[in-house]
Amino acid sequence: MKPTYSFIIYICLIGLSFFSAAEGDTPDYPKQLTLHLSSQTQANPSFAMGLIHGINGQQPADDVIDQAGFDYWRSGRTAEDFIARLQQRKAPYQFVLADSWGFGEHMKPPFSLKAEWENHVRQLVRALKDKVWIWEIWNEPDLKHFWRFSRQEYFETWKIAHDVIREELGDTALIAGPSFVKFDKEYLQDFLDFALQEKLQVDVLTWHSLHTRISAIPENVAYVRHHFMDNPRYTPLKIKRIHIDEFGGRGSQYSPGTTLTYLWQLENARIDAAAKACWPNLEESLYYCDSDTLSGLLTDDLKAKRAPWWLFAKYNESRNAVRLMIKGQTIWLPALAWEDDHGRAQMLFGLAEANNAPTNITVEIDGAYQVIKAQRLSDQGEAPSDGFVDLKAQADFSLKAGDVVWLVLQRP
Numbered sequence: 511m512k513p514t515y516s517f518i519i520y521i522c523l524i525g526l527s528f529f530s531a532a533e534g535d536t537p538d539y540p541k542q543l544t545l546h547l548s549s550q551t552q553a554n555p556s557f558a559m560g561l562i563h564g565i566n567g568q569q570p571a572d573d574v575i576d577q578a579g580f581d582y583w584r585s586g587r588t589a590e591d592f593i594a595r596l597q598q599r600k601a602p603y604q605f606v607l608a609d610s611w612g613f614g615e616h617m618k619p620p621f622s623l624k625a626e627w628e629n630h631v632r633q634l635v636r637a638l639k640d641k642v643w644i645w646e647i648w649n650e651p652d653l654k655h656f657w658r659f660s661r662q663e664y665f666e667t668w669k670i671a672h673d674v675i676r677e678e679l680g681d682t683a684l685i686a687g688p689s690f691v692k693f694d695k696e697y698l699q700d701f702l703d704f705a706l707q708e709k710l711q712v713d714v715l716t717w718h719s720l721h722t723r724i725s726a727i728p729e730n731v732a733y734v735r736h737h738f739m740d741n742p743r744y745t746p747l748k749i750k751r752i753h754i755d756e757f758g759g760r761g762s763q764y765s766p767g768t769t770l771t772y773l774w775q776l777e778n779a780r781i782d783a784a785a786k787a788c789w790p791n792l793e794e795s796l797y798y799c800d801s802d803t804l805s806g807l808l809t810d811d812l813k814a815k816r817a818p819w820w821l822f823a824k825y826n827e828s829r830n831a832v833r834l835m836i837k838g839q840t841i842w843l844p845a846l847a848w849e850d851d852h853g854r855a856q857m858l859f860g861l862a863e864a865n866n867a868p869t870n871i872t873v874e875i876d877g878a879y880q881v882i883k884a885q886r887l888s889d890q891g892e893a894p895s896d897g898f899v900d901l902k903a904q905a906d907f908s909l910k911a912g913d914v915v916w917l918v919l920q921r922p
């Protein structure tokens with residue numbers, strides 16, 4: 511039996527007035543917070559990490575992708591060099607069939623053009639049948655840009671595509687939906703009831719978490735597991751996986767602290783897969799979904815890394831490690847810990863982005879631990895980042911909103 515050890519981090523927060531416009535939470539921070547870390551281990555809640563578009567046939571370099579830990583790609587791209595690179599990397603491809611159909615004001619109604627929509631789907635399925643992991647039929651039908659028709663007409667469109675995929679590939683093909691821009695219990699219920707009525711198979715349930723409460727992610731996933739996956743009534747749908755195939759708001763896309771909050775809550779939800787969202791840059795001169803910047807993790811010229819890339823790379827080190835129990839986190843101060851190859855404890859914690867954030871957070875670490883190394887990753891916005899910066903291996907250091915601290919601790 512391993513000895514139990516703990517350390518206490520006291521965090522004094524002054525002058526807090528957090529905003530919730532972008533991410534949806536309105537936290538009420540205590541003035542003092544305690545984090546307890548134990549040598550007791552727990553199952554690693556790692557999930558498949560995805561990216562939307564983000565690369566081309568040559569760029570960025572493979573090592574930049576590998577270090578950041580991305581496992582699968584979600585896109586509607588059919589370019590040969592893009593597909594070939596995914597194949598070379600043995601990266602699962604979640605393919606969005608509607609991307610090449612077209613969206614926006616002049617979008618054609620696929621439900622009224624059944625033969626054309628069927629042909630569109632069939633050609634793509636036949637061309638990519640050996641290259642696609644999951645077939646996602648549509649994107650964000652609850653957002654007007656992507657769907658300008660009724661809810662029922664969306665269901666009919668989804669069914670047409672579903673039936674073509676089943677005709678071509680059979681029941682073993684993985685089909686994803688409904689791909690909402692946000693979690694919506696009523697809409698999801700209607701979608702699954704329609705699928706049940708029409709005897710459809712929904713292998714992967716997916717929605718996005720962009721501007722809603724980050725802390726709601728585990729609640730929403732638990733709701734789906736209880737009401738649908740574990741409900742015998744919906745067994746015929748053969749639901750196998752839950753994905754959040756876009757996470758992260760535009761306002762926090764450069765924030766390591768907020769990104770860590772998402773990762774932590776996705777772990778808490780025991781999600782099967784999640785993909786980082788892509789947004790325009792601040793000047794709206796470049797749309798990261800159409801660039802090869804790893805969805806904005808690299809600078810626009812691909813020459814440097816931004817702060818969240820360094821967070822993904824550090825988080826990636828924890829994904830296959832033995833996890834250690836940690837308690838005391840709040841919805842805006844995430845923390846996770848793991849055991850490294852040298853038997854030491856490592857820990858990441860951060861403060862999500864906020865208005866009127868404190869200028870200093872005082873951190874005191876219980877004497878049962880010896881801090882071997884301490885580093886901070888700062889929110890640099892769009893600017894390049896050199897990564898984690900050394901701090902003195904002592905009990906106090908400052909942390910700004912949006913920042914992350916990484917600790918290496920010696921076992922007692």
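Residue numbers (my numbering): 511 to 922. The C-beta atom is built at its ideal place from N, Cα and C for all residues, glycine as well. These figures come from a predicted structure and were not determined experimentally.
Between Gln839 and Ala831, the C-beta gap is not smaller than 8 Å, which leaves the two residues out of contact. Every alpha helix (DSSP H) stretch that sits fully inside the region 683 to 759 and reaches 4 residues is listed by chain position as 695 to 707 and 726 to 734. For Asp913, there is no enclosing beta strand (DSSP E), as DSSP marks it with neither H nor E. The residues Ile727, Pro728 and Val731, in chain order, have a CB closer than 6 Å to that of Ala779 in the same chain once the five nearest residues on each side in sequence are set aside. Taking C-beta separations shorter than 6 Å and ignoring five residues to either side along the sequence, the partners of Thr769 in its chain run Pro818 and Leu821, following chain order. For Thr771 and Glu777, the gap between their C-alpha atoms comes out near 10 Å. Rounded to the nearest angstrom, the gap between the Cα atoms of Lys786 and Gln604 is 14 Å. Contact annotation: Phe738 and Ile749 have beta-carbon atoms nearer than 8 Å. Closest option to Phe592, judged by alpha-carbon separation, among Gln633, Ala578, Val642 and Pro620: Val642. The alpha-carbon separation between Val674 and Asp913 amounts to approximately 48 Å. When rounded, the separation of the alpha-carbon atoms in Arg886 and Ser762 is 18 Å. Under the criterion of beta carbons closer than 8 Å, Tyr764 and Gly560 do not qualify as touching, at roughly 19 Å.
In this structure, the alpha-carbon of His563 lies about 11 Å from that of Val606.
With the rule of 3 Cβ pairs closer than 8 Å, the region 605 to 622 counts as touching the region 630 to 649. Going by DSSP, Leu545 is part of no beta strand (DSSP E) at all; its letter is neither H nor E. Nearest Cα to Ile781 within the set Leu547, Thr551 and Ala558: Ala558. Boundaries of the beta strand (DSSP E) around Trp583: Tyr582 to Ser585.
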